[in-house]
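Read the structure below first, then the notes.
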Amino acid sequence: MSYSIFVFGKRLPPHIIHQHCLEYDITLQFPKKSRHPDKRIKLLCSKEMKSVSEVLSMLLHGFDDLEPLLNKAEQQFVLYPIQYPEIWDMYKTTESTFWITEQIQIGQDDIQWNNHLNDGEHSFVSHVIIFFIMLHGIHIPNLLKRLSIEIHVAEAQCFYGFESMIENVHSEVYCVLINTFIKNSNDQELLFDAVKDIPALQQNMQWALQWISDDHSTFAICLVIFATMKTIACSTSFAILIWLTKRQLLPALNASNKLIC
1 MSYSIFVFGK RLPPHIIHQH CLEYDITLQF PKKSRHPDKR IKLLCSKEMK SVSEVLSMLL
61 HGFDDLEPLL NKAEQQFVLY PIQYPEIWDM YKTTESTFWI TEQIQIGQDD IQWNNHLNDG
121 EHSFVSHVII FFIMLHGIHI PNLLKRLSIE IHVAEAQCFY GFESMIENVH SEVYCVLINT
181 FIKNSNDQEL LFDAVKDIPA LQQNMQWALQ WISDDHSTFA ICLVIFATMK TIACSTSFAI
241 LIWLTKRQLL PALNASNKLI C
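Anchor point for the sequence shown: position 220 equals 220 in my numbering, and the numbering is continuous, going up by one each time.
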């Protein structure tokens, strides 16, 4: 979201509202460069909501209408003049870092896989790669599609369109790597089935899917899910690849990981 939320809660006297209600004074503070003035609204809710996080969760369901990037009136049919320079600069920065799968030289990894890694290391490295393939093939594309449908400004549409293409490159790289390490298609199929049955991975995927497929999930919630899947959910897997880097093993895998990160 492009604004900050400040919540100040206080209980109103019974003679003003009634003894079972709380009033929350909400300030929506937009960026200085925004053309939208700050907004102050009041929210009445039941005292059954015991935490600020519960209140914020409820509030988010009404904030999409206040987000200028989601306002259909902001829709542009031509790119210029640029209306949101910060988003455009982010897009151009991302564009300048673009790379393709063919830049990654795989040959040395194939040799090291066969000669320098034991069976246990084969297992957990291949599991990590399969996890990334599933993540980039299922959840990230669906999240990007969900975000790009809801946003209406041209600069952000450019950014998400380019991000989608980059994710395709990431997915291709991981597929090339798994084809290099696990050459037998039957072994690959067994590996995919085994990874899908890992409880932690199942919970990870189901958690993301429940939000992606929920039509009532707000744009803000989808952003949080996207950030979570790209960072927290991948942190352990990335740590394994960093461990390989310190051992100077699988240079192509680690080179692609650095580009992806």
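We treat Cβ as the ideally placed atom computed from N, Cα and C, and that holds for glycine.
All of these numbers come straight from a predicted model, not from anything done at the bench.
Ignore the nearest five residues each way along the sequence and tell me which others in residue i's own chain have a CB closer than 6 Å to its CB.
i, result
"residue 106", "180 and 252"
"residue 110", "180"
"residue 79", "154"
"residue 207", "none"
DSSP three-state label for residue i, please.
i, result
"residue 254", "helix"
"residue 82", "coil"
"residue 187", "helix"
"residue 217", "coil"
"residue 46", "No answer about residue 46 holds up, because its pLDDT of 43 lies below 50 and its placement is not dependable."
"residue 105", "coil"
"residue 16", "Any reading at residue 16 must be qualified, since the residue scores a pLDDT of 40, below 50, and its modelled position is unreliable; the value itself is stated next. Correct three-state label for residue 16: coil."
"residue 153", "coil"
"residue 77", "coil"
"residue 234", "helix"
"residue 71", "coil"
"residue 55", "Because the pLDDT at residue 55 is just 48, under 50, the model does not fix this residue reliably, and the value given afterwards should be weighed accordingly. Three-state result, residue 55: helix."
"residue 159", "helix"
Looking at the secondary structure, which residues open and close the alpha helix (DSSP H) in which residue i lies?
i, result
"residue 198", "Note, residue 198: premise wrong, no alpha helix (DSSP H); not H, not E."
"residue 120", "119-134"
Are residue i and residue j close, meaning C-beta to C-beta below 8 Å?
i, j, result
"residue 190", "residue 129", "no"
"residue 159", "residue 87", "yes"
"residue 143", "residue 225", "yes"
"residue 259", "residue 99", "yes"
"residue 112", "residue 241", "no"
"residue 195", "residue 101", "no"
"residue 72", "residue 152", "yes"
"residue 182", "residue 126", "yes"
Once you ignore the five residues that flank residue i on each side, which residues in its own chain have a CB closer than 8 Å to its CB?
i, result
"residue 237", "128, 131 and 132"
"residue 147", "160, 219, 222, 223 and 226"
With a cut-off of 8 Å on the beta carbons, I'd call residue i and residue j a contact; round off their distance for me.
i, j, result
"residue 69", "residue 156", "6 Å"
"residue 140", "residue 167", "5 Å"
"residue 150", "residue 219", "5 Å"
"residue 91", "residue 162", "6 Å"
"residue 204", "residue 233", "6 Å"
Below 7 Å CB to CB, which residues in the same chain sit around residue i once its five sequence neighbours on both sides are set aside?
i, result
"residue 104", "173, 252, 255 and 256"
If we cut at 8 Å on Cβ distances, does residue i have a partner in chain B?
i, result
"residue 240", "Within the model displayed, chain B is absent; a lone protein chain is all it includes."
Would you say residue i touches the ligand SAM, meaning its beta carbon is less than 7 Å from a heavy atom?
i, result
"residue 198", "Ligands are entirely absent from the displayed structure, and the ligand SAM is therefore not among its contents."
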